[in-house]
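Participant: Chains as they are written, first to last, in the numbering used here: chain A, 3 to 430; chain B, 2 to 307.
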Amino acid sequence: MNLYIKNGHIVDPSQGIDGTGDIEIADGKITNVFINPDKSEIKNAKCRIIDAAGLYVFPGLVDMHTHLREPGFEYKETIRTGTMAAVRGGFTTVCCMPNTSPVNDNASVTEFIIRKAAQEGSCAVLPIGAITKGQKGVELAEMGTMRNEGCVAFSDDGRPVPDSLIMRRALEYSIAFNAPIISHCEDLALSEGGVMNEGLLSVTMGLRGIPAEAEEIITYRDIALAGLTRGRLHIAHVSTEGSVKLIRNAKAEGINITAETCPHYFSITEDAVAGYNTNARVNPPLRIQRDIEAIKQGLADGTIDVIATDHAPHHVDEKLQEFDRAPSGISGLETALPLSLQLVHEGVLTMSRLVEKMSLTPAGILGIAGGSLKTGRPADIVILDTKKEYMVDPEKFISMGKNTPFGGYVLSGMPVITIAQGRLYEWQ
Amino acid sequence: MLDRKDLLGIQDLSPEEINLILDTAGGFRDVLGRDIKKVPALRGRTTVNLFFEPSTRTRTSFELAAKRLSTDVINFSVPTSSVVKGESLIDTALTVQALGADFIIIRHPSAGVPHLLASKLRAAVINAGDGTNEHPTQALLDAFTIREKKGRISGLNVAIIGDILHSRVAKSNIYSLIKLGAQVRLVGPPTLIPDEIRETGAKIFHSIEAGVRDADVVMMLRIQMERQGKGFFPSTEEYCKNWGLTSRRLSNAREDAIVMHPGPMNRGIEITSEIADGPQSVILDQVTNGLAVRMAVMYLLAGVKK
Numbered sequence: 003m004n005l006y007i008k009n010g011h012i013v014d015p016s017q018g019i020d021g022t023g024d025i026e027i028a029d030g031k032i033t034n035v036f037i038n039p040d041k042s043e044i045k046n047a048k049c050r051i052i053d054a055a056g057l058y059v060f061p062g063l064v065d066m067h068t069h070l071r072e073p074g075f076e077y078k079e080t081i082r083t084g085t086m087a088a089v090r091g092g093f094t095t096v097c098c099m100p101n102t103s104p105v106n107d108n109a110s111v112t113e114f115i116i117r118k119a120a121q122e123g124s125c126a127v128l129p130i131g132a133i134t135k136g137q138k139g140v141e142l143a144e145m146g147t148m149r150n151e152g153c154v155a156f157s158d159d160g161r162p163v164p165d166s167l168i169m170r171r172a173l174e175y176s177i178a179f180n181a182p183i184i185s186h187c188e189d190l191a192l193s194e195g196g197v198m199n200e201g202l203l204s205v206t207m208g209l210r211g212i213p214a215e216a217e218e219i220i221t222y223r224d225i226a227l228a229g230l231t232r233g234r235l236h237i238a239h240v241s242t243e244g245s246v247k248l249i250r251n252a253k254a255e256g257i258n259i260t261a262e263t264c265p266h267y268f269s270i271t272e273d274a275v276a277g278y279n280t281n282a283r284v285n286p287p288l289r290i291q292r293d294i295e296a297i298k299q300g301l302a303d304g305t306i307d308v309i310a311t312d313h314a315p316h317h318v319d320e321k322l323q324e325f326d327r328a329p330s331g332i333s334g335l336e337t338a339l340p341l342s343l344q345l346v347h348e349g350v351l352t353m354s355r356l357v358e359k360m361s362l363t364p365a366g367i368l369g370i371a372g373g374s375l376k377t378g379r380p381a382d383i384v385i386l387d388t389k390k391e392y393m394v395d396p397e398k399f400i401s402m403g404k405n406t407p408f409g410g411y412v413l414s415g416m417p418v419i420t421i422a423q424g425r426l427y428e429w430q
Numbered sequence: 002m003l004d005r006k007d008l009l010g011i012q013d014l015s016p017e018e019i020n021l022i023l024d025t026a027g028g029f030r031d032v033l034g035r036d037i038k039k040v041p042a043l044r045g046r047t048t049v050n051l052f053f054e055p056s057t058r059t060r061t062s063f064e065l066a067a068k069r070l071s072t073d074v075i076n077f078s079v080p081t082s083s084v085v086k087g088e089s090l091i092d093t094a095l096t097v098q099a100l101g102a103d104f105i106i107i108r109h110p111s112a113g114v115p116h117l118l119a120s121k122l123r124a125a126v127i128n129a130g131d132g133t134n135e136h137p138t139q140a141l142l143d144a145f146t147i148r149e150k151k152g153r154i155s156g157l158n159v160a161i162i163g164d165i166l167h168s169r170v171a172k173s174n175i176y177s178l179i180k181l182g183a184q185v186r187l188v189g190p191p192t193l194i195p196d197e198i199r200e201t202g203a204k205i206f207h208s209i210e211a212g213v214r215d216a217d218v219v220m221m222l223r224i225q226m227e228r229q230g231k232g233f234f235p236s237t238e239e240y241c242k243n244w245g246l247t248s249r250r251l252s253n254a255r256e257d258a259i260v261m262h263p264g265p266m267n268r269g270i271e272i273t274s275e276i277a278d279g280p281q282s283v284i285l286d287q288v289t290n291g292l293a294v295r296m297a298v299m300y301l302l303a304g305v306k307k
């Protein structure tokens with residue numbers, strides 16, 4: 003694939019680029035980046051020229067927290083549809099969580115995912131293996147073997163590792179394979195039966211609440227264990243003010259941890275649940291305005307390193323149920339970038355910092371290629387229009403999961419072109 | 002007429018709507034005192050009692066109210082358990098609608114189910130208790146009974162005693178009594194009263210003596226035995242010692258205070274028989290008034306074109 007992207011506003015934090023320029027692509031690789039060129043330096047007259055004037059050009063986004071649901075839950079999403087949705091949302095790499103059926107807790111499931119992604123995937127798929135066998139929290143899974151097969155991190159996502167000793171061992175053992183342990187922080191005894199944030203609204207809706215402390219207690223436990231073991235801890239989907247403070251303090255003390263949040267945790271509050279809207283049921287639950295402010299502060303001051311989607315597609319029939327029976331999760335790949343761009347509009351992050359948190363930093367945490375437009379890198383690129391407004395219509399999602407609380411929101415910044423794995427995808 | 006299709010909760014109602022229901026119920030209360038207790042108001046309409054939880058009194062009360070209004074009544078009881086995977090809720094509801102239901106009286110262990118059905122069905126949905134959310138007709142019949150006995154609601158001190166956290170009856174009563182101008186006190190162990198509920202304007206008391214002092218109305222809630230041993234309170238005996246209603250404790254209330262209970266009662270646990278059967282008890286009046294209030298709700302909802 004040969005391309006010449008002309009006059010785009012290129013943002014590439016890996017090279018400190020934030021300005022107008024051109025990108026030359028030959029054979030699917032970036033061969034040149036020209037910033038503020040006097041004139042375009044098109045050498046290959048036969049290549050396609052993309053006029054990106056008025057558009058932003060970013061390195062392809064990297065999502066380190068995706069649920070592709072395959073194997074086992076192909077009625078919710080597949081590797082094929084999930085990666086198509088990723089590309090639509092500007093992601094060129096997704097890391098898929100192991101809570102499939104069977105659980106990705108052994109090399110044969112890892113191998114299946116990688117092979118299926120190579121055959122049917124629209125973007126790079128990097129599996130995350132389970133920390134414990136069957137995600138049961140009892141015995142360590144074969145992390146080394148899975149790492150060799152291609153897993154980039156380990157997590158029992160959807161559940162914490164309840165036993166502190168097993169969590170300690172996981173943090174220690176994974177040091178040998180230089181892979182982060184991604185922790186879903188939830189004190190299961192304290193959150194038992196909970197389906198939304200605990201507060202006045204949960205009381206007046208008659209729904210069992212999950213207090214912020216259920217997240218914070220395990221966040222602190224895992225920080226303490228990371229300090230003890232010097233293992234690599236990454237805190238998934240931070241949703242509370244208290245967690246932000248704990249992570250900030252831990253980083254100040256020099257403990258080696260990183261953290262992510264998701265667009266829904268800085269965009270909407272628990273109020274989205276009102277009327278028993280199961281599309282706003284997610285775990286951890288949507289919190290309150292005070293938590294949103296703290297998360298934005300944490301993103302701004304570097305406490306929170308990464309914006310991930312926690313893309314969790316479900317079938318419409320599963321969400322069309324009693325609130326306390328409907329599964330948790332939001333289909334997030336196709337709204338993550340526009341929602342996150344709001345942080346730039348609000349002045350929370352510069353465009354460069356935003357791009358960093360959605361590409362370069364997650365790639366760095368996972369030790370993978372991506373998140374950079376340096377010469378010689380694969381042409382994983384997203385081109386987006388931040389001026390054109392559109393209304394979110396879940397029915398138009400490419401993902402099989404239409405479960406979003408953002409239907410009807412007017413946003414901007416959808417990709418118009420995504421280039422992933424040597425293929426160009428284009429939308430009006 | 003009520004300008005709404007459904008009755009989902011007291012939270013949605015204005016004080017004017019509540020008073021309209023209570024005034025209308027007064028008319029039906031008179032009908033129920035006659036020899037012929039049936040009116041032809043809703044002849045030809047169909048009522049479906051869709052109960053996903055065992056219930057005798059509420060279901061019977063709705064059934065009789067519907068029959069007194071001359072509607073045809075079907076009882077559709079669905080035994081449920083979260084383990085048994087049967088027909089989905091929506092499919093059950095659509096089936097009931099296909100039978101031609103005009104009124105769907107729904108009781109379900111999950112909060113919000115009436116709201117879900119109301120959004121998907123043409124029929125008028127009446128919430129007969131959803132999880133720990135609301136039980137609006139119980140609160141309406143309680144308000145009716147208080148008004149009948151006390152002549153007013155505004156300015157009264159009402160003490161609600163027991164498991165507020167898990168009680169949809171308490172929740173609906175808090176909303177309705179505050180909307181109607183009463184002072185509401187909630188009495189019980191801290192584990193069974195969520196602190197956030199103060200924001201409704203209700204006051205919290207952990208001592209029953211202080212909570213019932215000078216009360217005009219003492220409303221007891223049923224204590225559910227399954228809460229003991231789950232950390233809410235250590236034992237039924239200890240609960241009784243601290244929060245059971247005895248004659249000595251009731252003597253702290255106003256002399257003319259009335260005692261209410263939504264039933265079914267645990268005699269000797271949250272309330273002594275002496276009080277339940279005593280002169281201050283209005284427990285059986287509540288049952289009779291429940292019929293009139295449920296007739297009023299159905300009658301007023303029937304006016305909305307669907």
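Think of the CB as a built atom: it goes at the ideal place given N, C-alpha and C, for glycine as much as any other residue.
Rounded to a whole number of angstroms, what is the C-alpha to C-alpha distance between Asn308(B) and Glu64(B)?
Facilitator: Past the edges of chain B, shown from 2 to 307, lies residue 308(B), and the structure says nothing about it.
Participant: Go ahead and pull the three-state DSSP assignment for Gln433(A).
Facilitator: Here chain A comprises residues numbered 3 to 430, so residue 433(A) is not present and cannot be evaluated.
Participant: Does the beta-carbon of Asn134(B), which I'm using as the reference point, lie nearer than 6 angstroms to any heavy atom of the ligand FAD?
Facilitator: Absence of the ligand FAD is noted for the structure shown, with no ligands found whatsoever.
Participant: Can the beta-carbon of Met3(A) be found less than 7 angstroms from the beta-carbon of Gly30(A)?
Facilitator: Within the first sequence, numbered from 1, the residue matching residue 3(A) stands at position 1. Within the first sequence, numbered from 1, the residue matching residue 30(A) stands at position 28. Cβ atoms of Met3(A) and Gly30(A): closer than 7 angstroms.
Participant: At 7 angstroms on the CB atoms, spell out the chain A contacts of Thr133(B), in chain order.
Facilitator: Taking the second sequence and counting its residues from 1, the one referred to as residue 133(B) is at position 132. The answer, in chain order, is Gly208.
Participant: Report the rounded CA-to-CA distance for Pro287(A) versus Thr273(B), giving the unit in angstroms.
Facilitator: Taking the first residue of the first sequence as position 1, residue 287(A) is located at position 285. Taking the first residue of the second sequence as position 1, residue 273(B) is located at position 272. Their backbone Cα atoms lie some 43 angstroms apart in a straight line.
Participant: Does any residue of chain A have a CB that is nearer than 7 angstroms to the CB of Ala99(B)?
Facilitator: One-based indexing of the second sequence puts residue 99(B) at position 98. Closer than 7 angstroms: no.
Participant: If contact means a Cβ-Cβ distance below 7 angstroms, which residues of the region 155-181 of chain B contact chain A?
Facilitator: Here the close residues are Arg169, Lys172.
Participant: Is the distance from the Cβ of Glu122(A) to the Cβ of Ile168(A) below 7 angstroms?
Facilitator: Indexing the first sequence from 1 puts residue 122(A) at position 120. Indexing the first sequence from 1 puts residue 168(A) at position 166. Cβ distance not < 7 angstroms, so Glu122(A) and Ile168(A) don't count as in contact.
Participant: Quick one: grab the DSSP three-state call for Ala126(A).
Facilitator: Translated into positions along the first sequence, residue 126(A) becomes position 124. Residue state, collapsed to three classes: strand.
Participant: Would Val350(A) and Gly300(A) qualify as a contact pair, given that the criterion is a beta-carbon distance under 7 angstroms?
Facilitator: Within the first sequence, residue 350(A) is the residue found at index 348, counting from 1. Within the first sequence, residue 300(A) is the residue found at index 298, counting from 1. Cβ distance not < 7 angstroms, so Val350(A) and Gly300(A) don't count as in contact.
Participant: Please list the terminal residues of the continuous beta strand (DSSP E) segment that includes Ser78(B).
Facilitator: The residue you call residue 78(B) lines up with position 77 of the second sequence. Run containing Ser78(B): 73-78, per the beta strand (DSSP E) assignment.
Participant: Could you please give the first and the last residue of the uninterrupted beta strand (DSSP E) stretch that includes Ala102(B)?
Facilitator: For this step, residue 102(B) is matched to residue 101 along the second sequence. Careful: Ala102(B) lies outside any beta strand (DSSP E) and carries neither H nor E.
Participant: How close, in whole Å, do the beta carbons of Lys403(A) and Pro315(A) come, if the pair is a contact with beta carbons under 8 angstroms?
Facilitator: For this step, residue 403(A) is matched to residue 401 along the first sequence. For this step, residue 315(A) is matched to residue 313 along the first sequence. With the sequence shown as reference, residue 403(A) is identified as Gly, and Lys is not the correct amino acid for it. About 2 angstroms separates the two Cβ atoms, so the contact holds.
Participant: Among the residues of its own chain, which have a CB less than 6 angstroms from the CB of Pro110(B), if the five just before and after it don't count?
Facilitator: Position 109 of the second sequence, counting from 1, holds the residue named residue 110(B). Result list for Pro110(B): Glu54, Gly132, in chain order.
Participant: Quickly, what does DSSP pair Gln229(B) with across the bridge? List them, please.
Facilitator: Position 228 of the second sequence holds residue 229(B). Paired residues: Phe234(B).
Participant: List the residues of chain A that Ile127(B) touches, going by C-beta distances under 7 angstroms, in chain order.
Facilitator: Locating residue 127(B) in the second sequence gives position 126, counting from the first residue. Here the premise fails: no neighbours, minimum Cβ distance about 17 angstroms.
Participant: Output the distance between the C-alpha atoms of Leu227(A) and Glu194(A), rounded to the nearest integer angstrom.
Facilitator: Position 225 of the first sequence holds residue 227(A). Position 192 of the first sequence holds residue 194(A). Roughly 24 angstroms separates the two Cα atoms.
Participant: How far does the alpha helix (DSSP H) with Thr231(A) in it reach, from first residue to last?
Facilitator: Locating residue 231(A) in the first sequence gives position 229, counting from the first residue. Looking at the DSSP string, the run of the alpha helix (DSSP H) that includes Thr231(A) is 214-231.
Participant: How far does the beta strand (DSSP E) with Gly10(A) in it reach, from first residue to last?
Facilitator: For this step, residue 10(A) is matched to residue 8 along the first sequence. Unbroken beta strand (DSSP E) run through Gly10(A): 5-14.
Participant: Go through its chain and collect everything with a Cβ distance to Leu70(B)'s Cβ below 7 angstroms, but skip five positions before and after it.
Facilitator: In the second sequence, the residue the question calls residue 70(B) occupies position 69. If we look at Leu70(B) and ignore the five residues flanking it on each side, its Cβ neighbours are Val40, Ala42, Leu43, Met296, Met299, Tyr300.
Participant: Hey, does Glu324(A) have any beta-carbon neighbour from chain B nearer than 7 angstroms?
Facilitator: Position 322 of the first sequence, counting from 1, holds the residue named residue 324(A). So, interface residue.
Participant: Step through the CB atoms of chain A and report whether any lies within less than 7 angstroms of the CB of Val288(B).
Facilitator: In the second sequence, counting from the first residue as 1, residue 288(B) sits at position 287. Not closer than 7 angstroms to any Cβ of chain A, the Cβ of Val288(B) fails to qualify, so no.
Participant: DSSP on Glu256(B), reduced to helix/strand/coil?
Facilitator: Counted from its first residue, the second sequence places residue 256(B) at position 255. Of the three classes helix, strand and coil, the one that applies to Glu256(B) here is coil, per DSSP.
Participant: Counting along the chain, where does the beta strand (DSSP E) carrying Arg50(A) start and finish?
Facilitator: Counting from one through the first sequence, the residue named residue 50(A) turns up at place 48. 50-53 is the span of the beta strand (DSSP E), which, as asked, contains Arg50(A).
Participant: Counting C-beta neighbours from all protein chains within 10 Å, is the total for Val84(B) 16 or more, i.e. buried, or is it exposed?
Facilitator: Within the second sequence, residue 84(B) is the residue found at index 83, counting from 1. In this prediction, Val84(B) scores a pLDDT of 39, lower than 50, which makes its location untrustworthy; no coordinate-derived value is stated.
Participant: Quick check on the burial criterion: 16 or more other C-beta atoms within 10 angstroms. Buried or exposed for Val294(B)?
Facilitator: Here residue 294(B) corresponds to residue number 293 of the second sequence, with the count starting at 1. Counting Cβ neighbours within 10 Å, Val294(B) comes out buried, since at least 16 surround it.
Participant: Could you tell me which residues DSSP pairs with Ala261(A) in its beta bridges?
Facilitator: Working through the first sequence from its first residue, we reach residue 261(A) at position 259. Note: Ala261(A) sits in a beta bridge opposite Ile237(A).
Participant: What residues are listed by DSSP as bridge partners for Cys97(A)?
Facilitator: Locating residue 97(A) in the first sequence gives position 95, counting from the first residue. DSSP lists Leu128(A) as partners of Cys97(A).
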